Amino acid sequence: MHEDPYVTSTSQHPLNLEVLAADVIGPFRTPAPDGTSHYLVVQDVGSHYGWVMPLKRRGDATSHLIDLIKMLNNHFSHKVKHLQIDNAPEFTSHRAVERYNRTLQEKARTLLISAALPPSFWSEALQTSVYLENRLTTRSIPEAITPYQKLYNTTPTYDHLRTFGCRVICHDPTQQDKQHPRSIDGIFVGYDPSPFESIRGWRIWDKIRRRIFYSRNVTFLEQDMKNGQNKEDNSQKTPDGISIQLVVPPSIPLLPKLPLGQPDKASEPDMTPEPQHTYFDLFGIQDEYSPEVLSPSIPTQRQPVQPPSRVPLTPTVATTRERRQIRPPHHDSAEGYPALLGELPTPKTYKQAMKAPDANDWINAMAEEVAALKANNTWDLVEYPNHKHVLPGKWVYVTKHNEDGSIARYKARWVVQGNFQIDGMDYDETFAPTSHLPTLRVLVSLIAHNKWYASTLDISTAFLNGKLEEEIYVRQPTGFELGSHQVCRLQKSLYGLKQAPRVWFKHLSSWLQEHGFTSSPAEPCLYTGLSTTTSDRIYVMIHVDDFLLTSSSKQAVKEFENTLEQTFKMKKGGPLSWYLNMQFLQLDPTTIGLSQSLYVKDILDTFSMADCNPTKTPMVTGWDVVTDAPLCNKSQYQQAMGMLLYLARCTRPDIMTSVSILCKYSSNPTTYHWKGVLHLLKYLKGSQNYILELGGTELSGYADSDWATNKEDRKSRSGMIIKMGRGCVSWSSKKQSTIALSSSEAEYYALGDTIKEILWLQNLLEGIQYTVPLPTIIYEDNRGAQLMAENPLVTPRAKHIDVKYHFIRHHVENGRIKLFSIPTVDQIADGLTKPLDGIAFQRCRDALCVTTREGVAISGSVVNA
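In terms of the UniProt record's numbering, the sequence shown has 104 at position 104, counting the first letter as 1, and numbering is strictly consecutive.
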């Protein structure tokens, strides 16, 4: 007999999503195929709609719950107002969810027994149970409708429902060999478990490859339920080689409605649940509960959330040819990484660091960090406060490298897990500016042209300098605890806090202003001031804690460094050579080259393309077409786009168009799009050592467009290039937001984007007291667009254009901008609107001053040393 639960709620009949009830069950003795051993169940009290989320660790429940709440708030007009849980192992605040749990597990047990599947499929059975439960009428809803209809206000469909555990035959899109079968003999194990039930297909268990995948082309053999006779499935071993990929949006701050965490007492649980739930036995749930469930105060040994791996898996669906091109890296053990990366892998957790061959180096790095924190008076040790929010922390490990790639320094930081901070309690404002890449290139152009001295420096433990206004408590660093019941009350900012960048920037800005420096109104991270001894002007660019200093006087720069060192602990980088992971090369007395050849090598190594055959262009002409193709590995595709986009924005305008086109498919990439990525990587293989030349002071711009180039919505693509002297300081390739009715209109929109960027650069230079010659010339190859910009014409073909674009005429009239007509063959922005063929692309690349090192004379690897 089951005990009748009782319900307490904020109202008798709450609205949809007004109240959510949550509970966590596990661990299961038999893990699911994807390694999960717990699950989080959430039910909307108003609609009785439920969600089930498998968990690999109990401590993951908080982040999964917060992500669900965020998605629900974004998707529905009703917002989540209350969350009914409790810090105890059993959520006594709303025991209806326990009854819901019991119902789901009993249904899951029935599904497994009828399908003759082993207990390792408990996760699939539970997710199927909640999927079906949402589509069944319930007495709890007065209208006698289903929870689905109650929540979505529409009747659910049932024609896609199939018998759980039945045999299926589905098409295998990865099989291209004519000598092998092109179908998969599998088992139907459920539906799409995403929160809003997008239809990606049915979930199929591949008995041969031992993986779960989605498919829409499925033949169901619902009378065949002989799974229990399959030797491989009847064994209760966990299937390995699983290729399920669960993508969860980034964590959001903990909501104020969530209860605050208590001290970690995993070794002394507050209570042990009575062994009354006999329905647990089928799944083998262990009677273990820990008070950290859904609590932000989690053990410091918890596995932290990791960034995407730099050695991704090959696409889930790929052609035979692609599988030959992408060699799957060995990742079964740490021994596989040194051969690929040339060094030991960087540990992700404290336990990994202690087990690593270079553990002593990491111990020294952690000891150095703790010593620096104590010397800085970052915190005071206090007894664990009652009724206070204590934030967890974790160690983050990085290695600094020399120019040859060898390890120069081991670095460890104790970082607060700011995703557990509560808005309004632990922080208020968080914004802090960072420098823009065009600002860096403008400053380097001035350095090259004027032959200024330039140097770099790094503020050590920068975020630890600013004083906090909020009362914040953090756990002691793992491995360096002093007293089991003590925590750190922060006196100064610490890495990981949401407000840490803002606190640091405000502190640094105050210091600079006290010493006579002012920032450019167009770039708050670019300061200028006068030397107190030589009266020479000093320019200071700041990117968080990395400084770039320059002046016509080397003495003035050294003087500023010494003054700064009296207040902040820092590391001097010497004459400009490396900054923001870019290498600076003195090509000739008035030209500096920016190189990211090591970063390109890292990209090629990451995707196993270091030995590929190079191509001459980054994208074939006419590539961007709509085509049907199987989906590829979304996570890998997005990782490639992130790395390539950073390269394109920093030093490689020649690949900007290709990257921009490929990026628009990041949400749903196919193998066709992945082939485009591989083609781009092949181009980088042949142009790894290309550099961007900079030098000069005169601004000029190029604006162009490709009319109605997008075949899906017929929007045009704008291309923009802004030069300073002979080198490019700003560029973009992007789809226009408005549909242009003519090529002249599309060019007019592109011209407006270019003028906006030029006006910003003019204000940037004027803000640091640098004279800008006016007007700035923009080269245009469309006569119709030029006439609209230079004359207040109102023609039938242009009268519909939004008035905001006519600001172009204003700046042409007041003399800040001048348009100059050129033939199309000389329009170098054409390469930022569409892929070009070999000859046209090479001509455009040369005009962008993206060239090989062999094509220039390098006088030294350090700028103006």
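Just so it is clear, CB atoms sit at the ideal spot from N, CA and C, and this is done for glycine as well. Every value quoted in this text rests on a predicted model; they were computed, and no experiment measured them.
1. If I'm right that Y527 touches L512 with Cβ under 8 Å, what's the distance once you round it to whole angstroms?
2. Alpha carbon to alpha carbon, how far is Q352 from V370?
3. Express the C-alpha separation of N153 and L72 in angstroms, rounding to a whole number.
4. Within the chosen definition, does the region 459-475 reach the region 715-725 through at least 3 CB pairs nearer than 8 Å?
5. What does the Cβ neighbour count give for H673, buried or exposed, with the cut at 16 atoms within 10 Å?
6. Ignoring anything shorter than 3 residues, give me the beta strand (DSSP E) runs that lie fully in the region 672-745, in order along the chain.
7. Return the bridge partner residues of Y748 from the DSSP annotation.
8. Quick check: what's the CA-CA separation for S77 versus L644?
9. Output yes or no for whether 8 Å exceeds the beta carbon distance between P54 and T36.
10. By how many angstroms is the C-alpha of E18 removed from the C-alpha of L83?
11. Give the straight-line distance between the Cα atoms of R441 and V729, rounded to the nearest whole angstrom.
12. Pull up the DSSP beta-bridge partners for H543, would you.
13. Among the residues of its own chain, which have a CB less than 7 Å from the CB of L819, if the five just before and after it don't count?
14. Is A144 buried or exposed, if buried means 16 or more other CB atoms sit within 10 Å of its CB?
15. Would you mind giving the Cβ-Cβ distance between F121 and C166, rounded to the nearest angstrom? I have them listed as a contact below 8 Å.
16. Buried or exposed: K79, going by 16 or more other Cβ atoms within 10 Å of its Cβ?
17. Beta-carbon within less than 6 Å of F91's beta-carbon, same chain only, minus the 5 sequence neighbours each way: which residues are those?
18. Which word fits S577, buried or exposed, when buried means at least 16 other C-beta atoms lie within 10 angstroms of its C-beta?
19. Grab me the residues of L15's own chain with a C-beta within less than 8 Å of its C-beta, minus the 5 sequence neighbours each way, in chain order.
20. Throw me the rounded Cβ distance for the P556 and I538 pair, which I believe falls under 8 Å.
21. Got a sec, what are the start and stop residues for the beta strand (DSSP E) K105 sits in?
22. Under the rule that 16 or more other beta-carbon atoms within 10 Å means buried, what is T828, buried or exposed?
23. Please list, in chain order, all residues of the same chain as N782 whose beta carbon is under 7 Å from its beta carbon, the five residues on each side excluded.
24. Per DSSP, which one or two residues make a beta bridge with Q583?
25. Report all residues from its chain with a CB closer than 6 Å to the CB of L381; omit the five preceding and five following residues, and keep chain order.
26. By the 10 Å Cβ neighbour count, where 16 or more other Cβ atoms means buried, how is T155 classified, buried or exposed?
27. Between which residues of its own chain and C650 is the CB-CB distance below 7 Å, once the five residues before and five after are set aside?
28. From the DSSP output, in three-state form, read off V442 for me.
29. As a quick exercise: from R57, L580, C849 and L530, pick the residue whose alpha carbon is nearest that of E559.
30. Examine the Cβ distances between the region 587-601 and the region 689-699 and report whether three or more of them are shorter than 8 Å.
31. Is A96 near A108, with beta carbons less than 8 Å apart?
32. How about K150 and Y49: are their beta carbons less than 8 Å apart?
33. Grouping DSSP H, G and I as helix and E and B as strand, with all else coil, what is T399?
34. Under a three-way DSSP split, which group does M71 fall into?
35. Can T128 and L111 be called in contact, C-beta distance under 8 Å?
36. How many Å lie between F568 and D545 at the Cα?
So, from the listed chains and residues:
1. That belief holds up - the Cβ atoms of Y527 and L512 are roughly 5 Å apart, short of 8 Å.
2. So the two alpha carbons sit approximately 19 Å from each other.
3. One C-alpha to the other measures close to 15 Å.
4. Pairwise C-beta distances place the region 459-475 out of contact with the region 715-725, as fewer than three of them are shorter than 8 Å.
5. With 16 or more other Cβ atoms inside 10 Å of its own Cβ, H673 counts as buried.
6. Entirely contained in the region 672-745, the beta strand (DSSP E) runs reaching 3 residues are, in chain order, 690-694, 699-706, 717-724 and 727-735.
7. Beta-bridge partners assigned by DSSP to Y748: none are found.
8. Counting only the Cα atoms, L644 lies some 37 Å from S77.
9. Cβ distance < 8 Å, so P54 and T36 count as in contact.
10. Cα to Cα, L83 sits roughly 9 Å from E18.
11. About 5 Å.
12. The partner list for H543 (beta bridge, DSSP) reads D546.
13. Closer than 7 Å at the Cβ level, and outside the excluded window around L819, lie I778, E780, Q786, A789, E790 and V812.
14. That one is exposed.
15. No, F121 and C166 are not in contact; Cβ-Cβ is about 13 Å, not under 8 Å.
16. When all chains shown are included, K79 counts as exposed.
17. Unreliable positioning characterises F91 in this predicted model, as indicated by a pLDDT of 40, which lies under 50. The coordinate reading is nonetheless provided below. Answer for F91: D23 and I85, listed in chain order.
18. S577 comes out buried.
19. Excluding sequence neighbours, L15 sits near G46 and H78.
20. Strictly speaking, residue 556 in this sequence is Ala, with Pro absent from that position. Right, the Cβ-Cβ distance comes to about 5 Å (below 8 Å), so this counts as a contact.
21. The question names Lys, but residue 105 in the sequence shown is Gln. Per DSSP, Q105 lies in no beta strand (DSSP E); the unbroken alpha helix (DSSP H) holding it starts and ends at A96 to A115.
22. According to the sequence provided, residue 828 is Ile. The question's Thr does not apply to it. Label assigned to I828: buried.
23. Its chain contains S743, S744 and E747 as the residues whose beta carbon lies nearer than 7 Å to that of N782, once the 5 sequence neighbours on both sides are disregarded; these appear in chain order.
24. Bridge pairing for Q583: W578 and S595 [DSSP].
25. If we look at L381 and ignore the five residues flanking it on each side, its Cβ neighbours are Q486.
26. Under this definition T155 is an exposed residue.
27. Same-chain partners within the cutoff: L437, M582 and Q596.
28. The three-state reading of DSSP puts V442 in helix, counting H, G and I together.
29. That would be L530, whose Cα lies nearest to the Cα of E559.
30. With a cut-off of 8 Å, the region 689-699 and the region 587-601 count as touching, because enough Cβ pairs lie within range.
31. Contact flag unset, no.
32. If you check the CB distance, K150 and Y49 come in under 8 Å.
33. Looking at T399 - three-state DSSP - the assignment turns out to be strand.
34. Note: M71 maps to helix in three-state DSSP.
35. Yes, the pair counts as a contact, with Cβ atoms nearer than the cut-off.
36. Taking the straight line joining both Cα atoms gives about 11 Å.
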